[in-house]
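Before any comments, here is the structure.
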Amino acid sequence: MKAVESHGSKVEGAVIDWLKVRNDFPALRQQVRGKPLVYLDNAATSQKPQVVIDAVREYYEQHNANIHRGVHWLSEQATIAYEGVRKKVARFINAADPRECVFVRGATEGINLVAQTFGRRKIGKGDEILLSALEHHSNIVPWQLLCEEKGATIRVIPMNDAGELLVDEFAKLLSPRTKLVAVTHVSNALGTITPIKRIASMAKLAGVTVLVDGAQAVPHQPVDVHDIGADFYIFSGHKMCAPTGIGVAWAPLILWDSLPPWQGGGDMISSVSFEKSTWAEVPAKFEAGTPHIEGVVGLGAAIDYLAAIGMDRIAAREKTLLQAFEAAIRRVPGTRLVGTAKEKAGVASFVMEGIHPHDIGTIADQEGVALRTGHHCAQPVMTRLGLAATARASVAFYNTPEEALALESAIRRVSEVFGA
Amino acid sequence: MSDLSDLYGEVILDHYKRPRNFKLLPDATHKAAGANPLCGDHIQVTLKLDGDKIADIGFMGNGCAISRAAASVMTQEILGKSRSEAEGLFRKYRAMVTREAGKPYEGEDLGKLAVFSGVAEFPVRVKCATLAWHAMEAALRGSGGTVSTE
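Chains A and B, in that order, are what the protein sequence lines are.
Here the first sequence stands for residues 1 to 420, numbered as in my numbering.
Here the second sequence stands for residues 1 to 150, numbered as in my numbering.
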């Protein structure tokens, strides 16, 4: 890697040259509509550093083969690379054993995997699933499908106007009927960091299983699944500098072992006859078919890259950036930040008086500023706050304080166009 | 190269800020709703037909400048027209806003609707510019319910 010469904790105290880090991302060097690209849609997906792009290319140029099958050299190389990344993932999130980390297509597939295995086996008629008011559709709809099939019910942990979950209300919702609590770690729409450790420990006391959607957390802060104390922790690769189509579902081995397989096919079996098949051990049991090997290789490169910078440094950098972006938005008359939780990460959602977010997005785009506008796949959040949509600037460590000024000038342009 | 003034012209901003026929007809003979699930926009169009003629029209809803202005101008342009005239106007309007970006509009003069010609330079906004029209067409065809841009 170019930006940081040494690894992990060895660089403690070293100063990161963030502009050099930014240069690792080729997509950020381009101009859009004649202006330098200001990419503020990181909560949707992150850009990819050169090392990740190179790792994927190198995989195809030198190591491409199917895994776990061939006795030939190339297959062995591919298998070593694939399983090597599982070890990196485990270290990155402090999992006790690499086998606890199941590769999936992304957080959405990970949640569906849990719904279709744990959910179908352990949740029945009259049972309740607790979700939070902050959830992305991907942590709502799989549970609705399950509830429809099983006759179970969803109940919602409410939030306040700032976008903070009401933990006392959560405590009241826990009952003997509760079989699962599924909560996001960081809200994609508002940026709220939820008190996930507290929620997990309260649920565990009540004997309830806990799933955490970590899609917006793992890219932005150190995550330690042991410390959090949840049963399932799920995240996507593409939001953390890795390719699209790869993600991780983590659970303790004993929990994975207790669950039935999900998709059937090659790689997930121990033996097959037309009368009966037996399943492979975890994680292969949940990884039917030829997996997204290039995605896994890219994820490994992304983890190396992020770990070399240090997730604590990334969190600190993004906190500073978020403050700069929020201040920039506040400076423009007629704007209002949506989501003002005390604990926030990476997301500045906002609205403008009398101007629809869709128009904000189009005008900002003309200035080269990439925002997300709409309901952010979190319609219940919008409904709760009485909004149809917001504009959202979401930052990553490679953004710069100067880009906050570019956002400010783009928003001022929006006001001008609307004569506000 | 697209220019913002192609999209946010004076007439469009005026209709956004002061939408005309912004009402729901209590005695509507035809009505339908339109939704753009991606941006959360929602619009209702109500019409009163006298024989074949659109005797009154009103809309209400929540949307961006383009979708609201398009609805407002639409109500003015189709008031007093026959069903087939209204549908024919929609066909021409749609052809104008969905033409290839960068190409000047060379079709028939659509009068006031020409202010939406610039939408063609912003393909992601075509859905906004046609939402009310789709709802109007659904209302006239009696299919009712909610039409979706997706």
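The beta-carbon is built from N, C-alpha and C at its ideal position, and this holds for glycine as well.
No experiment lies behind these values; they were computed from the predicted model shown.
9 angstroms Cβ cut-off: residues of chain B touching residue i
i	result
A:Ile363	Leu4, Leu7, Tyr8
Spatial distance of residue i from residue j (CA atoms)
i	j	result
A:Val183	A:Ala249	14 angstroms
A:Leu371	A:Val85	32 angstroms
A:Asp17	A:Phe235	28 angstroms
A:Phe296	A:Tyr82	One detail in the question is off: residue 296 of chain A reads as Val in this sequence, not Phe. Their Cα atoms are separated by approximately 6 angstroms.
A:Glu164	B:Ile54	50 angstroms
A:Trp279	A:Pro261	8 angstroms
A:Gln50	A:Asp24	6 angstroms
A:His185	A:Leu337	21 angstroms
A:Gly361	A:Leu299	30 angstroms
B:Ala135	A:Glu281	54 angstroms
A:Pro357	A:Gly265	45 angstroms
A:Leu306	A:Phe170	34 angstroms
A:His292	A:Asn66	10 angstroms
A:Ile196	B:Ile78	55 angstroms
A:Val89	A:Pro98	7 angstroms
A:Ala389	B:Pro37	11 angstroms
A:Ser132	A:Met159	8 angstroms
A:Ala200	A:Asp213	13 angstroms
B:Glu24	A:Arg29	Just to set this straight, residue 24 of chain B is Leu in the shown sequence, not Glu. Their backbone Cα atoms lie some 50 angstroms apart in a straight line.
A:Ala284	A:Met268	5 angstroms
B:Glu100	B:Gly9	20 angstroms
Selection from the options that minimises the alpha carbon distance to residue i
i	options	result
A:Val130	A:Pro176, A:Pro142, A:Val181, A:Lys88	Sequence check: residue 130 of chain A is Leu here, not Val. Selected option, being the one with the closest Cα: A:Val181.
B:Ala139	B:Ile57, B:Tyr8, B:Val119	B:Ile57
A:Ala324	A:Gly334, A:Ile293, A:Gly247, A:Ala396	A:Ala396
B:Arg18	B:Val126, B:Ala71, B:Leu89	B:Ala71
B:Lys51	B:Glu121, B:Asp14, B:Gly88, B:His30	What sits at residue 51 of chain B in the sequence shown is Gly, not Lys. Considering only alpha carbons, the answer is B:His30.
A:Asp304	A:Lys239, A:Ser46, A:Phe92	A:Phe92
A:Thr244	A:Gly106, A:Arg331, A:Asn66, A:Asp359	A:Gly106
A:Ala215	A:Asp359, A:Ala393, A:Ala388, A:Met240	A:Met240
A:Ala364	A:Arg33, A:Leu28, A:Arg22	A:Arg33
A:Phe232	A:Val102, A:Ile154, A:Ala316	A:Val102
A:Ala391	A:Ile329, A:Pro401, A:Lys342, A:Arg177	A:Ile329
B:Val11	B:Gly40, B:Leu25, B:Arg68, B:Phe122	B:Arg68
A:Thr335	A:Lys342, A:Ala341, A:Ala251, A:Glu326	A:Glu326
A:Asp41	A:Arg121, A:Arg412, A:Asn399, A:Phe418	A:Asn399
A:Phe286	A:Thr79, A:Trp73, A:Gln116	A:Gln116
B:Ile66	B:Asp14, B:Val147, B:Glu137	B:Asp14
A:Arg120	A:Pro380, A:Glu148, A:Leu322	A:Glu148
Chain A contact for residue i (CB, 8 angstroms cutoff)
i	result
B:His134	no
B:Phe116	no
Test: residue i CB closer than 8 angstroms to a CB of chain B
i	result
A:Ala3	With a pLDDT of 41 at A:Ala3, under the threshold of 50, the modelled position of that residue is not reliable, and no figure is offered here.
A:Asp359	yes
A:Ala77	The sequence as given places Gln at residue 77 of chain A; Ala does not occur at that position. Closer than 8 angstroms: no.
A:Gln263	no
A:Ser9	Residue confidence for A:Ser9 is low, a pLDDT of 40 falling below 50, so the modelled location carries little weight; the figure read from the coordinates is stated next. Answer no: the Cβ-Cβ gap between A:Ser9 and chain B never drops below 8 angstroms.
A:Arg412	no
Within chain A, partners of residue i - CB distance below 7 angstroms
i	result
B:Ala70	Those within 7 angstroms of B:Ala70 in chain A number zero; the least Cβ separation is about 13 angstroms.
B:Gly63	His356
B:Arg125	Thr362
B:Phe122	Thr362
Proximal chain B residues relative to residue i, where beta-carbon distance stays under 8 angstroms
i	result
A:Met382	Gly40
Contact list for residue i against chain B, beta-carbon separation under 7 angstroms
i	result
A:Phe418	Leu13
A:Gln366	Leu4
Residue i: CB within 7 angstroms of a non-hydrogen atom of the ligand GDP
i	result
A:Cys101	As presented, the structure is devoid of all ligands, the ligand GDP included, so that no description of it is given.
**OP:** Any chance you could list the alpha helix (DSSP H) runs of at least 4 consecutive residues sitting entirely within the stretch 211–254 of chain A, in chain order?
**Re:** 225–228
**OP:** Entirely within the stretch 277–354 of chain A and at least 3 residues each: give me those beta strand (DSSP E) ranges in chain order.
**Re:** 277–279, 335–338, 347–352
Original post:
Mind pulling the alpha helix (DSSP H) runs of 4 or more residues that sit fully within the stretch 51–106 of chain B?
Top reply: 65–78, 83–97
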